[in-house]
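Our numbering puts the first residue of the sequence shown at 1437, with every later residue one more than the last.
See below for the structure under consideration.
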Amino acid sequence: RTLSSIKLVLVEGKVEIPIKIFNLVQEAKVKAAKWRSRTTNARLKTITESVCKATGASVMKQELELYTPYGNEEVTFQTEEMEKIKYMDLPTCLRLIGFQPKSTISHRNNLKGSWFLRPEEKKKGQEVGVVFKALWKAMEETGRVAICSMRYRTNSVPRLVALLPQEEEVDGPVRVCPQGFHIVWLPFVNDICALPFIPPAPTPHTKAIEAAEDLIDSLQFADNKFDPMHFYNPAIHKHFAHIGALSLQTAVDEEDIQEKLDDIEPDKEHFSSDRVRELSEALKEQIDPEYDTNIEAKGGKKKEAAPKKEKRKREDDDGQPVDWKVKFLSGELKGAKLNELKDCLSDLGLKVSGTKADLLTRIENYYESQA
């Protein structure tokens, strides 16, 4: 997504390159609701009015002044003066300050997701292309980054950024990554705070590391279905499902919404399984050899495990125990609701998360393996 078209100023008034700035990652947000009249359904316009606190009279914009407290005094500013202070009276551009080695830029200096810039195609003449490529090549060969001040819009505050060169990547006839610079946001001095010294933790032994690896392997996503670049947002899906239903004057299919798997929610059932619990206990024993005897060492007694309650069998409308196998063979489960399929899987001791199709497949695989 193109954010702005400005100039990269290398030498004021002499060497200026027209560039385009792109946002590589954009958060999906629900737009704010608009006000409408309840009687006419016409769209309403919001007007902000300044009112005198003492008299209650309306005040015109040209009559307003801004002030800031300084000690016991109130320093008054005009609107134009405040804009010059806020924007440092700098033009809208990307201005070169100097160069630094790449090693001076660390990951902790990156305040937000980086942007990307490249020359503007429409204004990219032969001289502009030569200057841009010469700058890029010199920075890439010397291993340096450019430090710049950036004001990419008229209402944006000047910020300090670093330009990190990116090499062009081509896959046959397709250009995967264009040649250009990543815009890395840098912190000001006030943004950096010194952390208190934390003594290094003792180095764990080999068995503890192996126990931790086993626990981590058991908590991996099943079938590698989770993709951090393409995961489902259930809140936005539900919002637009209701908006679509209201516009078409239809009912919302809540069951279809529930079928969608929420990738950002942990699998609580798997986390509380016996396998994960055993691996957690094994890791605790490797970290603390006295883990199982700590209570007895203090003169206390271990709590005996409570007897397991016998699981109550589900009953149908006639009060008879539900026979899931009969329902499966008769094809009745194919038209069952999502909650009923989850009850079936729970009684069979199987995983209950996933879409309706996943649950049906899991039940079919279970009874086919029992045949």
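Just so you know, even glycine gets a beta-carbon here, dropped at the ideal spot from N, CA and C.
This one's a predicted model, so the numbers in the text were calculated from it and none came from an experiment.
DSSP places N1801 inside the alpha helix (DSSP H), whose first and last residues are 1792-1806.
Of the candidates F1764, L1655, L1781, the residue whose Cα lies closest to the Cα of D1710 is L1655. Nearest neighbour of Y1588 by Cα position, chosen from R1580, V1597, L1786, A1582, turns out to be V1597. In its chain, beyond the 5 residues on either side, T1528 have a beta carbon closer than 7 Å to the beta carbon of T1590. Leaving aside the five residues that flank E1649 on each side, none in its chain has a CB nearer than 6 Å to its CB. Counted as a single uninterrupted DSSP element, the beta strand (DSSP E) harbouring T1438 occupies residues 1438-1447. Across the structure, E1509 and F1633 are spaced so that their CA atoms are roughly 41 Å apart. Collapsing the DSSP output to three states places T1540 in a helix. Note on W1572: 16 or more other CB atoms within 10 angstroms of its CB, so buried under the neighbour-count rule. Shown here, M1586 sits in a strand according to DSSP, grouped into three states. With respect to M1524, P1623 sits apart: the two C-beta atoms are not nearer than 8 Å. Taking the CA atoms as reference points, H1618 sits about 6 Å from W1551. Distances from the CA of G1449 to each of P1670, L1532, E1714 were compared; the closest alpha carbon is that of L1532. R1611 sits away from E1603, with the two beta carbons spaced by 8 Å or more.
For V1712, the enclosing alpha helix (DSSP H) covers residues 1710-1723.
When secondary structure is reduced to three states using DSSP, P1454 falls in the strand class. With a cut-off of 8 Å on Cβ pairs, the region 1468-1484 is not in contact with the region 1438-1458, counting fewer than three such pairs.
In the three-state scheme derived from DSSP, where H, G and I count as helix and E and B as strand, L1777 is classed as helix.
DSSP, reduced to helix, strand and coil, places W1621 within a strand of the structure shown.
Each residue's CA atom was taken as its position, placing A1637 and Q1722 some 16 Å apart.
In the DSSP assignment, V1762 falls within the alpha helix (DSSP H) that extends over 1760-1765.
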